[in-house]
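See below for the structure under consideration.
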Amino acid sequence: MSKLGVKRGFIPACIMLVVVLVVTGCSPIMRPPSPAAFMESYERGNSTINMNLSLYGGELLRDSSVTDEEAYDEWVFDVTGSAFYNRGFFSCGLGWQTSTLFAQLGFVSPYVGVMGWSSIFFSGISAGGMLVQQIPIGESLKLGFSEHFSRNGVEYDYEVPAEGFMIPTIPEPRPKFYKEVGGGFFVTYNGWVTFEFRYGRDLDYHRNRFAVTFSMFTDAKIMKDNSEKMKREQELQIQEENERELRRKKREQESLEAFENMQD
Numbered sequence: 000m001s002k003l004g005v006k007r008g009f010i011p012a013c014i015m016l017v018v019v020l021v022v023t024g025c026s027p028i029m030r031p032p033s034p035a036a037f038m039e040s041y042e043r044g045n046s047t048i049n050m051n052l053s054l055y056g057g058e059l060l061r062d063s064s065v066t067d068e069e070a071y072d073e074w075v076f077d078v079t080g081s082a083f084y085n086r087g088f089f090s091c092g093l094g095w096q097t098s099t100l101f102a103q104l105g106f107v108s109p110y111v112g113v114m115g116w117s118s119i120f121f122s123g124i125s126a127g128g129m130l131v132q133q134i135p136i137g138e139s140l141k142l143g144f145s146e147h148f149s150r151n152g153v154e155y156d157y158e159v160p161a162e163g164f165m166i167p168t169i170p171e172p173r174p175k176f177y178k179e180v181g182g183g184f185f186v187t188y189n190g191w192v193t194f195e196f197r198y199g200r201d202l203d204y205h206r207n208r209f210a211v212t213f214s215m216f217t218d219a220k221i222m223k224d225n226s227e228k229m230k231r232e233q234e235l236q237i238q239e240e241n242e243r244e245l246r247r248k249k250r251e252q253e254s255l256e257a258f259e260n261m262q263d
């Protein structure tokens with residue numbers, strides 16, 4: 000695939016991510032991104048697009064037991080999209096996680112990857128690093144393992160004191176960060192769908208969390224091939240319709256000539 004084709008696939012994907020960010024808003028809150036999505040960027044050798052859904056469980060911060068002024072509401076799911084550009088053993092990308100724009104980069108190979116990520120927001124940063132190992136199993140399956148250390152974010156509503164008689168306090172959403180260490184595994188089928196499980200230990204609040212993620216992939220080459228396939232099918236359909244029309248006109252002409260011969 001040409002460099003021009005790669006850029007044509009990667010740049011629109013990045014523009015799409017920026018548009019989504021503008022629509023959803025800005026936030027520094029995020030959890031570790033998908034290791035499988037990063038590893039699949041090497042297999043494509045060009046721009047790769049990933050979409051995934053993560054569900055969270057365990058000891059989430061969803062209470063107001065810390066102080067009376069703080070009401071925690073840690074999100075139980077995330078929707079993430081990312082686009083990678085790969086050159087050899089190096090991949091970089093942009094993505095969004097629910098309402099947080101982030102960047103990724105690192106070393107990637109068929110068996111080992113090392114990546115780092117960071118949210119892109121001026122008032123706070125969620126960031127981390129991850130080591131990934133991947134083992135091919137046959138032609139269709141890949142089994143992977145990951146270990147990470149990260150600074151994650153959760154959201155809480157801080158009751159801002161209001162001055163004046165009979166004026167209620169106003170909840171104000173704010174980010175709170177915590178350090179996490181953990182690991183997980185993932186299974187990729189046929190290079191386009193992945194199931195992931197990740198465990199994390201909160202080092203600040205001493206809580207255990209886990210995440211289950213479902214991912215789907217595509218890339219610029221696949222989208223180009225699908226577009227060309229649809230174009231060929233449309234051209235073939237038009238050609239068949241034209242041939243049928245020519246055969247119909249030929250039969251009508253033959254019938255007319257046969258009728259004229261009978262009249263003679």
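For the sequence shown, our numbering assigns the number 0 to the initial residue and increments by one for each residue that follows.
C-beta: ideal position from N, C-alpha, C; glycine also.
Item: Any heavy atom of the ligand FMN closer than 7 Å to the beta-carbon of Gln96?; Value: Although the ligand FMN was asked about, the structure shown includes no ligands whatsoever.
Item: Could you say which of Phe37, Arg43, Met29 and Tyr155 lies nearest to Ser53 if we only look at CA atoms?; Value: Met29
Item: Looking at the secondary structure, which residues open and close the beta strand (DSSP E) in which Gly57 lies?; Value: Thr47 to Gly57
Item: So, is the C-beta of Gly127 closer than 8 Å to a C-beta in chain C?; Value: The question asks about chain C, but that chain is absent: this structure has only one protein chain.
Item: Do Ser118 and Pro27 have their C-beta atoms within less than 8 Å of each other?; Value: yes
Item: Mind checking which residues open and close the beta strand (DSSP E) that includes Asp203?; Value: Counting along the chain, Asp203 falls outside any beta strand (DSSP E), and DSSP gives it neither H nor E.
Item: May I ask you to verify whether the stretch 127-144 touches the stretch 100-115, counting CB pairs closer than 8 Å and requiring at least 3?; Value: yes
Item: Does the contact criterion of 3 or more C-beta pairs under 8 Å hold for the stretch 175-188 versus the stretch 137-144?; Value: yes
Item: Buried or exposed, going by whether 16 or more other CB atoms sit within 10 Å of the CB of Asp67?; Value: Only weak support is given to the placement of Asp67: the predicted model assigns it a pLDDT of 49, under 50, and the value that follows is read from those uncertain coordinates. Counting Cβ neighbours within 10 Å, Asp67 comes out exposed, since fewer than 16 surround it.
Item: According to the neighbour-count rule (16 or more other Cβ atoms, all chains shown, within 10 Å of its Cβ), is Ala36 buried or exposed?; Value: buried
Item: Glu232: buried (16+ other C-beta within 10 angstroms of its C-beta) or exposed?; Value: exposed
Item: Which residue comes first and which comes last in the beta strand (DSSP E) that contains Tyr265?; Value: Because residue 265 is not part of the residues shown, which for the chain are 0 to 263, the question remains open.
Item: Using beta-carbon positions only, say whether Gly105 and Ser90 come within less than 8 Å of one another.; Value: yes
Item: Given this structure, state the Cα-to-Cα distance separating Met277 from Gln236, to the nearest angstrom.; Value: The chain is shown only over 0 to 263; residue 277 falls outside these bounds and no answer can be derived.
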